[in-house]
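Asker: Sharing a structure, written as structure tokens. Questions coming.
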Amino acid sequence: MLGFLKEPVVVTAEINVNLVALTVMGLITRLWGLCYPRAVVFDEVYYGQFVSLYMKRIFFVDDSGPPFGHMLLALGGYLGGFDGNFLWNRIGAEYTMNVPVWSLRLLPALAGALCVPLAYQILVELHFSHRAALGAALLVLLENSLITQSRFMLLESILIFFILLAVLSYLKFYNLQRHRPFSGSWWFWLLLTGVACSCAVGVKYMGLFTYMLLLAIAGLHFWHMIGDQTLSNVSLLCHFLARGLALILIPVVMYLSFFYVHLALLYRSGPHDQIMTSAFQASLEGGLARITQGQPLEVAYGSQITLRNVLGKPMQCWLHSHTNTYPIRYENGRGSSHQQQVTCYPFKDVNNWWIVKDPGMQQLVVSNPPRPVRHGHIVQLVHGITTRYLNTHDVAAPLSPHSQEVSCYIDYNISMPAQNLWRVEIVNRESDTDVWKTILSEVRFVHVNTSAVLKASGLIGASLPEWGYRQLEVVGEKLSKGYHQSMLWNVEEHRYGKSQEQKEREVELHSPTQMDISKNLSFMAKFTELQWKILTLKNEDTEHKYSSSALDWITMDTNIAYWLHPTSGAQIHLLGNVVTWASANAAALVYMCLSLWYLIRRRRRIYDIPEDSWQLWVSAGGVCGGGWAVNYLPFFLMEKTLFLYHYLPALTFQILLIPVVLQHLGDHLCRSVLLRSMFSALIVAWFSSVYFVYCTFSPVTYGQPALSATELKDLRWKDSWNILIRKQ
Numbered sequence: 018m019l020g021f022l023k024e025p026v027v028v029t030a031e032i033n034v035n036l037v038a039l040t041v042m043g044l045i046t047r048l049w050g051l052c053y054p055r056a057v058v059f060d061e062v063y064y065g066q067f068v069s070l071y072m073k074r075i076f077f078v079d080d081s082g083p084p085f086g087h088m089l090l091a092l093g094g095y096l097g098g099f100d101g102n103f104l105w106n107r108i109g110a111e112y113t114m115n116v117p118v119w120s121l122r123l124l125p126a127l128a129g130a131l132c133v134p135l136a137y138q139i140l141v142e143l144h145f146s147h148r149a150a151l152g153a154a155l156l157v158l159l160e161n162s163l164i165t166q167s168r169f170m171l172l173e174s175i176l177i178f179f180i181l182l183a184v185l186s187y188l189k190f191y192n193l194q195r196h197r198p199f200s201g202s203w204w205f206w207l208l209l210t211g212v213a214c215s216c217a218v219g220v221k222y223m224g225l226f227t228y229m230l231l232l233a234i235a236g237l238h239f240w241h242m243i244g245d246q247t248l249s250n251v252s253l254l255c256h257f258l259a260r261g262l263a264l265i266l267i268p269v270v271m272y273l274s275f276f277y278v279h280l281a282l283l284y285r286s287g288p289h290d291q292i293m294t295s296a297f298q299a300s301l302e303g304g305l306a307r308i309t310q311g312q313p314l315e316v317a318y319g320s321q322i323t324l325r326n327v328l329g330k331p332m333q334c335w336l337h338s339h340t341n342t343y344p345i346r347y348e349n350g351r352g353s354s355h356q357q358q359v360t361c362y363p364f365k366d367v368n369n370w371w372i373v374k375d376p377g378m379q380q381l382v383v384s385n386p387p388r389p390v391r392h393g394h395i396v397q398l399v400h401g402i403t404t405r406y407l408n409t410h411d412v413a414a415p416l417s418p419h420s421q422e423v424s425c426y427i428d429y430n431i432s433m434p435a436q437n438l439w440r441v442e443i444v445n446r447e448s449d450t451d452v453w454k455t456i457l458s459e460v461r462f463v464h465v466n467t468s469a470v471l472k473a474s475g476l477i478g479a480s481l482p483e484w485g486y487r488q489l490e491v492v493g494e495k496l497s498k499g500y501h502q503s504m505l506w507n508v509e510e511h512r513y514g515k516s517q518e519q520k521e522r523e524v525e526l527h528s529p530t531q532m533d534i535s536k537n538l539s540f541m542a543k544f545t546e547l548q549w550k551i552l553t554l555k556n557e558d559t560e561h562k563y564s565s566s567a568l569d570w571i572t573m574d575t576n577i578a579y580w581l582h583p584t585s586g587a588q589i590h591l592l593g594n595v596v597t598w599a600s601a602n603a604a605a606l607v608y609m610c611l612s613l614w615y616l617i618r619r620r621r622r623i624y625d626i627p628e629d630s631w632q633l634w635v636s637a638g639g640v641c642g643g644g645w646a647v648n649y650l651p652f653f654l655m656e657k658t659l660f661l662y663h664y665l666p667a668l669t670f671q672i673l674l675i676p677v678v679l680q681h682l683g684d685h686l687c688r689s690v691l692l693r694s695m696f697s698a699l700i701v702a703w704f705s706s707v708y709f710v711y712c713t714f715s716p717v718t719y720g721q722p723a724l725s726a727t728e729l730k731d732l733r734w735k736d737s738w739n740i741l742i743r744k745q
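Residue numbers (this note's numbering): 18 to 745.
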């Protein structure tokens with residue numbers, strides 16, 4: 018029974034020394050002196066703010082992309098015990114002792130280091146030689162720009178890591194497809210492909226480019242499988258479902274999970290609340306939730322309400338009126354009704370309160386039991402402080418002459434009767450008998466007499482002159498079709514009015530309100546709103562000193578100064594290895610020219626290389642050349658401020674193309690022993706120059722040692738580079 022103990026238990030393992038050595042070297046180049054400088058470096062001033070908000074559980078919106086990358090940076094802060102207390106107000110600010118600099122920079126550095134062995138494995142899985150794979154890894158290892166970007170609290174190295182991991186996983190899956198479909202390792206690499214793709218997209222939307230490329234490659238491979246007569250229909254269906262599960266369903270679920278965790282962590286009200294809807298704001302702890310807690314849910318006749326415009330751009334605002342009237346004549350000579358002004362005011366104010374009145378009754382209080390207002394009901398809106406009725410008539414609005422003026426009616430005893438009846442239309446209703454609800458209902462007010470719709474036209478930038486206190490214009494939009502958000506309003510603050518006398522009612526209006534609606538807002542509702550804000554919220558693009566165009570990137574005609582020591586000449590720049598960048602461009606050009614040549618020759622039935630070499634050439638080009646194209650060309654269509662670091666994912670793929678081209682040239686063009694010897698010698702000399710440039714620019718890659726003014730001038734290899742030299 019115990020006979021198996023007679024022999025020792027032996028475990029054998031294969032260790033790829035190349036992979037181990039490359040990983041160690043990657044860790045050394047990325048982790049060495051990681052805490053230096055102990056100061057805010059370039060975009061750390063931007064991402065650091067979000068890390069602090071995560072630590073304090075305060076909600077924020079970043080229009081640059083999804084939250085997964087931010088959460089990874091925050092994880093570094095959490096592991097280092099960061100409390101979030103630091104003022105991220107300027108580049109170069111010294112970190113206080115409570116900021117765990119090493120922990121905050123660790124995950125980007127690890128991601129950057131792991132890109133080195135990933136590059137090696139990708140070339141191996143593309144069936145290139147280990148020498149070519151080693152060359153690709155060493156080029157990534159010695160690329161100064163990739164080192165710089167991975168040593169700070171930035172997202173590009175994390176993005177590139179997940180992109181390369183997705184490519185490697187798919188290649189491993191594809192290679193297993195031929196021999197062991199549906200095996201455990203086959204499922205592992207297929208599922209990891211989907212996971213890595215979702216993580217790449219979750220870090221930055223730039224990850225979508227590689228994800229789309231892999232989906233296209235997977236679709237092409239499956240198309241070829243359809244033509245394989247050895248596969249049954251059932252087998253094809255299983256392959257299709259497996260790919261759909263791993264490459265579509267899992268990424269979608271993971272993407273949603275990033276937002277779920279994000280929203281679960283950030284449950285407190287913060288500075289970005291104002292761009293969200295009232296329902297979203299009320300779901301956060303503090304802020305609006307503190308104000309609206311205990312409010313009645315159903316709006317009734319006699320309710321006292323504030324009405325917030327749903328669009329919220331360029332700023333949130335509430336329907337507002339005050340005692341001032343429109344001027345008799347505007348600056349352009351047009352006349353007005355001289356009625357009381359109605360505006361959209363971007364601050365909470367007692368003049369934002371309105372009373373919902375039943376046109377058939379005089380009372381301004383809620384009856385017992387309350388009579389709820391439903392979709393389609395006719396109401397009058399009475400301004401709480403001045404008790405004048407919301408009105409519109411066939412008079413041109415002050416800034417929008419094609420729309421009607423909206424006012425609070427003053428009876429001047431002239432031939433302009435009041436027109437103050439409004440029909441309530443609940444846009445997001447589930448049925449035509451829905452009750453108007455606080456915060457949750459998005460409502461249009463349609464004027465009964467003219468069919469004009471109450472609209473905050475000021476939200477597209479039209480603010481009134483001095484006589485209107487620069488508040489935003491409100492109009493009656495004629496012949497309105499559709500439901501533009503500037504025409505939608507929701508009740509934000511709400512109480513049941515109890516005072517019929519005006520003086521008592523004014524006191525009531527000044528007092529704070531006291532409905533916890535967070536439970537009514539589902540995760541999908543919050544996700545949909547937040548996702549829409551991320552996609553549509555655009556900060557004003559301003560010209561940045563170090564912004565550049567996509568054309569500048571290929572020849573590296575630009576750089577970015579990341580950090581400058583306050584007293585010495587020590588500085589850090591985003592600058593690439595000039596030899597590597599030039600070689601990558603040459604490799605891409607050679608690949609395109611050779612591919613065109615081969616295609617023309619093959620069209621003439623002339624085959625210069627064996628079929629398996631041709632397939633290898635095409636597949637490598639699809640992955641490496643395609644990866645470069647999809648991560649670079651879209652920037653020519655983008656209207657946003659661009660920086661050199663946007664090119665790094667494309668550059669990584671282009672670097673992988675260099676050993677592909679070199680091996681192809683060595684195998685098929687250098688046919689004599691002499692040519693191969695000369696070619697090998699040229700590669701050694703070329704690689705020595707790569708290492709020389711890496712060492713030359715290391716002081717501005719790592720920020721140390723500090724260089725003299727003369728040494729810095731010697732590093733300005735291009736006149737367009739902005740190397741900072743202090744005046745003596």
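We put the beta carbon where it would ideally sit given N, CA and C, even for glycine. Note that the structure is a prediction, hence the values are computed from the model and not measured.
Flag this pair as touching only if the region 699-714 and the region 578-587 have three or more C-beta atom pairs under 8 Å; answer yes or no.
Answerer: In short, these stretches do not touch, since the Cβ pair count stays below three.
Asker: Tell me which same chain residues have a C-beta within less than 6 Å of the C-beta of residue 25, skipping the five on either side of it?
Answerer: Around residue 25: no qualifying Cβ.
Asker: Determine the direct distance from the alpha carbon of residue 201 to that of residue 239, and round the result to whole angstroms.
Answerer: Those two C-alpha atoms are separated by around 20 Å.
Asker: Straight-line CA distance for residue 45 to residue 151?
Answerer: Residue 45 and residue 151: Cα-Cα distance of roughly 17 Å.
Asker: Out of 450, 421, 277 and 303, state which residue places its alpha-carbon closest to the alpha-carbon of residue 540.
Answerer: If we check each option's Cα against that of residue 540, 277 comes out closest.
Asker: Residue ranges of each alpha helix (DSSP H) run of no fewer than 4 residues wholly in the region 680-724, ordered along the chain?
Answerer: Listed in chain order, they are 690-719.
Asker: In angstroms with no decimal places, state the Cα-to-Cα distance between residue 206 and residue 646.
Answerer: Computed Cα separation, rounded: 25 Å.
Asker: May I ask you to list the residues that DSSP assigns as paired with residue 591?
Answerer: Paired residues: 577.
Asker: To the nearest angstrom, report how far apart residue 286 and residue 133 are at their CA atoms.
Answerer: If you take the alpha carbons of residue 286 and residue 133, they lie about 41 Å apart.
Asker: With a cut-off of 8 Å on the beta carbons, I'd call residue 142 and residue 171 a contact; round off their distance for me.
Answerer: With 8 Å as the limit, residue 142 and residue 171 do not qualify as a contact, their Cβ atoms being about 28 Å apart.
Asker: Whole-angstrom Cβ separation of residue 268 and residue 353, contact assumed at under 8 Å?
Answerer: Wrong, their Cβ atoms sit about 56 Å apart, outside the cutoff.
Asker: Should residue 531 go down as buried or exposed, given a rule of 16 or more other Cβ atoms within 10 Å for buried?
Answerer: Residue placement at residue 531 cannot be trusted, given a pLDDT of 46 that sits under 50; the coordinates are not used to answer.
Asker: Kindly indicate the opening and closing residues of the beta strand (DSSP E) around residue 462.
Answerer: Run containing residue 462: 460-464, per the beta strand (DSSP E) assignment.
Asker: Would residue 157 and residue 231 be called neighbours here (beta carbons separated by less than 8 Å)?
Answerer: The answer is no: Cβ separation not under 8 Å.
Asker: DSSP on residue 597, reduced to helix/strand/coil?
Answerer: Residue state, collapsed to three classes: helix.
Asker: Quick check: what's the CA-CA separation for residue 219 versus residue 178?
Answerer: Those two C-alpha atoms are separated by around 13 Å.
Asker: Can you check whether the CB of residue 176 is closer than 8 Å to the CB of residue 221?
Answerer: It is a contact, given that the beta carbons lie within the stated cut-off.
Asker: Quick one: using the 10 Å Cβ neighbour count with 16 as the cut-off for buried, is residue 52 buried or exposed?
Answerer: When all chains shown are included, residue 52 counts as exposed.
Asker: Is residue 147 helix, strand or coil when you go by DSSP?
Answerer: Three-state result, residue 147: helix.
Asker: Jot down the residue ranges of each uninterrupted beta strand (DSSP E) in the region 257-286, minimum 3 residues, whole runs only, in chain order.
Answerer: Here no run is fully enclosed.
Asker: As a quick exercise: from 251, 262 and 629, pick the residue whose alpha carbon is nearest that of residue 211.
Answerer: Nearest of 251, 262 and 629 to residue 211, Cα basis: 262.
Asker: Taking DSSP as the reference, what is the three-state secondary structure of residue 333?
Answerer: Reduced to three states, the DSSP call for residue 333 is coil.
Asker: Report the CB separation of residue 246 from residue 591 in whole angstroms; it is logged as a contact under 8 Å.
Answerer: The pair is not a contact, with the Cβ atoms about 53 Å apart (cut-off 8 Å).
Asker: Comparing C-alpha positions only, which one of 59, 259 and 79 sits nearest to residue 106?
Answerer: When only C-alpha atoms are compared, the closest one is 59.
Asker: Since residue 224 and residue 130 are thought to touch, with beta carbons under 8 Å apart, how far apart are those beta carbons, to the nearest angstrom?
Answerer: In fact, because the Cβ distance is near 20 Å, the residues do not count as touching under 8 Å.
Asker: Report the CB separation of residue 399 from residue 319 in whole angstroms; it is logged as a contact under 8 Å.
Answerer: Contact flag wrong, Cβ pair sits at about 10 Å.
Asker: Output needed for residue 463: all residues of its chain with C-beta closer than 7 Å, excluding positions within five of it in sequence on either side, in chain order.
Answerer: Excluding residues within five positions, the ones whose Cβ falls inside 7 Å are 439, 440, 442 and 470.
Asker: Which class does residue 732 belong to by DSSP, given the choice of helix, strand or coil?
Answerer: Residue 732 falls in the coil class under three-state DSSP.
Asker: Assign residue 562 to buried or exposed, taking buried as 16 or more other Cβ atoms, counted over all protein chains shown, within 10 Å of its Cβ.
Answerer: Answer is exposed; the Cβ neighbour count stays below 16.
Asker: When you compare the region 60-79 with the region 249-258, are there three or more beta-carbon pairs, one atom per stretch, that lie closer than 8 Å?
Answerer: These segments do not touch.
Asker: Does the distance from the C-beta atom of residue 316 to that of residue 390 stay below 8 Å?
Answerer: In this structure, residue 390 lies closer than 8 Å to residue 316 by Cβ.
Asker: Who are the near neighbours of residue 454 in its chain, counting only those whose CB is closer than 8 Å to its CB and skipping five residues on each side?
Answerer: For residue 454, where only same-chain residues beyond five positions count, the Cβ hits under 8 Å are 314, 315, 316 and 508.
Asker: Ends of the alpha helix (DSSP H) at residue 543?
Answerer: First-last of the alpha helix (DSSP H) with residue 543: 540-553.
Asker: Quick check: residue 336 and residue 506, are their CB atoms within less than 8 Å of each other?
Answerer: Contact flag set, yes.
Asker: Taking the continuous beta strand (DSSP E) assigned at residue 511, which residues delimit it?
Answerer: Unbroken beta strand (DSSP E) run through residue 511: 506-513.
Asker: If distances are taken between C-alpha atoms only, which option among 404, 109 and 604 comes closest to residue 669?
Answerer: Comparing Cα positions, the closest option is 604.
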